[in-house]
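Residue numbers (the working numbering): 508 to 574.
Glycine included, every Cβ here is placed at the ideal spot set by N, Cα and C.
Input: a single structure, listed below in structure tokens.
Below you can see the structure in the form of structure tokens.
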């Protein structure tokens with residue numbers, strides 16, 4: 508794994524809030540490889556990112572822990 512759990516968790520929260528930063532595409536591609544997210548591209552450029560089932564489950568656990 509090339510990213511820490513904290514980095515992954517922060518990215519999941521940002522994606523869920525619609526504030527994903529596509530500047531670090533390699534990081535998002537890694538999250539996609541581990542089935543946390545799905546990257547949607549338009550003409551080869553990242554257009555949007557959405558959470559997979561595993562990503563949504565993690566988001567749910569993160570939100571429960573933050574209450």
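Residue j beta carbon less than 9 Å from that of residue i
i	j	result
residue 521	residue 530	no
residue 565	residue 517	no
With 16 other Cβ atoms within 10 Å as the buried cut-off, status of residue i
i	result
residue 568	exposed
residue 538	buried
residue 519	buried
Nearest neighbour of residue i, chosen from the options [CA to CA]
i	options	result
residue 544	570, 524, 535	535
residue 532	563, 554, 560, 523	554
residue 540	525, 552, 571, 559	559
residue 563	550, 514, 542	542
residue 570	523, 547, 512	523
Under the three-state DSSP convention, the category residue i falls into
i	result
residue 547	strand
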